[in-house]
Structures are given as structure tokens and as C-alpha cells.
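The structure under discussion appears below in the form of C-alpha cells.
In our numbering, the protein residues as written are 80 to 293.
Printed below as a string of C-alpha cells:
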């Protein structure tokens, strides 16, 4: 009788432990995948940028286990350029999606010339390591016309730079904005995307990857 009780308790304990394991794996899937991809150096796709990139659960959003997220909130294009070697170029990825410079606009130390130089260096460095760069549009903000005018100017610069460099430019704004501002229902704070905003963004990335056979 005592053995049966111990066996029963053991089974219950194992079930509880299994439940905890699966709960942790599901709720922390993104973090687990990121660690595995980093350790195994198994990234095919790299999402590279500032807080917009950092806040995305990209392995979940893109439904694949070979995505590395390299995103840092508050980083300018200059700061991202400076971590490129350590965080991106040491991986053997096929493609890198770049989304940055929103923080440059808020800084008094940067100009269009500086931003262009940083993008040129990032693009050229990726190409030299056989990683295909894809430039993504800067995002508008909601209810901030002055900021959005600068975004238009920089996106025009990036569009033409991508053409000169013979790489693709992905215009995410066309699906997340109306009348040249971020759609209110897609943002948490007038700046960053909410869950639905990330779904729309990631759908565009998935479509692009599918068209390229990646």
C-alpha cells in the first residue's frame, strides 16, 4: 500500500514537472530559440536594428528556428554600425534585414550625411561577408508630423541608396500607416508597434523570404 502511494506521488510529481517544463518552453520560446541559434551559430536570417527590432519575437513571428534577433533599444545607426562585427558579421547568415535611424532623428549629433555613411558601411560590410542586406523603411509615428517629414526624407535617401547598392528596399510603412503617419490602432505609445503591427511587419518579411526561396 505504501509503495502504491509512493508510486502515485511520483507519477503526480513527474506530471507536474512535465507541465512546468512545457509551460516554460512555450512562454519563453523566443529566448530559448535565440540562445540556441547563438550557440549553434545556425542563423539564416538576422533581424538587425533598434527597439522596433528588439521588441519583436522573430522566431515566433516568422515561424522558423533560424532567425537571430540583434536589436537594441535606443541605438542609433552609428551605434549599430559599431557592433556589426561582433554581433552580426561573425554569423554565417544568408540575409540581414536592417531597420534603424529612428533614434538618429531624435539626436542633434546626426545628419543625413552621417546616416548615409553609416548605412553604406553596414551594407558594404554585410556584402563583404556574403550576407545579403535588405533595407527596411523607417517607421512613421502617430500624431507627429514634424518627425514624419524627416522620416519621408530619410526613407527617400535609403530607397535611392538601396538602388545604387543593388539591394532591396522593403517599404513596411505602406501597410502600417495612413496619410503618412503610423496607424493609431497599431501602436502602444504612438511610436512602437503592438502585436498586430508586428504581425503585419512580419508577414511582409515572410513574403519576401518566400519569394527569395529562403
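C-beta: ideal position from N, C-alpha, C; glycine also.
Buried or exposed by the 16-neighbour rule on C-beta atoms within 10 Å, applied to residue i
{"i": "residue 209", "result": "exposed"}
{"i": "residue 164", "result": "exposed"}
{"i": "residue 260", "result": "buried"}
{"i": "residue 187", "result": "exposed"}
{"i": "residue 102", "result": "Model confidence at residue 102 stands at a pLDDT of 44, short of 50, so the residue's coordinates are unreliable; what they give is reported in the following sentence. So residue 102 ends up on the exposed side."}
{"i": "residue 185", "result": "exposed"}
{"i": "residue 125", "result": "buried"}
{"i": "residue 281", "result": "buried"}
Beta carbon of residue i nearer than 8 Å to that of residue j
{"i": "residue 182", "j": "residue 153", "result": "yes"}
{"i": "residue 230", "j": "residue 219", "result": "yes"}
{"i": "residue 212", "j": "residue 246", "result": "yes"}
{"i": "residue 132", "j": "residue 178", "result": "yes"}
{"i": "residue 240", "j": "residue 198", "result": "yes"}
{"i": "residue 217", "j": "residue 234", "result": "yes"}
{"i": "residue 120", "j": "residue 150", "result": "no"}
{"i": "residue 293", "j": "residue 174", "result": "yes"}
{"i": "residue 201", "j": "residue 180", "result": "no"}
{"i": "residue 266", "j": "residue 258", "result": "no"}
{"i": "residue 143", "j": "residue 113", "result": "no"}
{"i": "residue 279", "j": "residue 255", "result": "yes"}
{"i": "residue 226", "j": "residue 238", "result": "no"}
{"i": "residue 109", "j": "residue 138", "result": "yes"}
Strand pairing of residue i, partner residues [DSSP]
{"i": "residue 145", "result": "Answer is none; residue 145 lacks a bridge partner."}
{"i": "residue 179", "result": "Paired residue(s): none; residue 179 is not in a bridge."}
{"i": "residue 187", "result": "Residue 187 pairs with nothing; no bridge assigned."}
{"i": "residue 123", "result": "Answer is none; residue 123 lacks a bridge partner."}
{"i": "residue 213", "result": "176, 247"}
{"i": "residue 150", "result": "128"}
{"i": "residue 266", "result": "272"}
As assigned by DSSP and simplified to three states, the class of residue i
{"i": "residue 155", "result": "coil"}
{"i": "residue 128", "result": "strand"}
{"i": "residue 232", "result": "helix"}
{"i": "residue 276", "result": "helix"}
{"i": "residue 174", "result": "strand"}
{"i": "residue 257", "result": "strand"}
{"i": "residue 249", "result": "strand"}
{"i": "residue 198", "result": "helix"}
{"i": "residue 208", "result": "coil"}
{"i": "residue 226", "result": "helix"}
{"i": "residue 161", "result": "helix"}
{"i": "residue 291", "result": "coil"}
{"i": "residue 169", "result": "coil"}
{"i": "residue 136", "result": "coil"}
{"i": "residue 238", "result": "helix"}
Closest residue to residue i among the options (Cα-Cα distance)
{"i": "residue 271", "options": "157, 222, 144", "result": "222"}
{"i": "residue 141", "options": "285, 290, 207, 205", "result": "285"}
{"i": "residue 169", "options": "184, 244, 118", "result": "118"}
{"i": "residue 146", "options": "193, 127, 205", "result": "127"}
{"i": "residue 250", "options": "171, 266, 265, 283", "result": "283"}
{"i": "residue 205", "options": "252, 256, 171", "result": "171"}
{"i": "residue 191", "options": "215, 167, 214, 232", "result": "232"}
{"i": "residue 207", "options": "159, 167, 189", "result": "167"}
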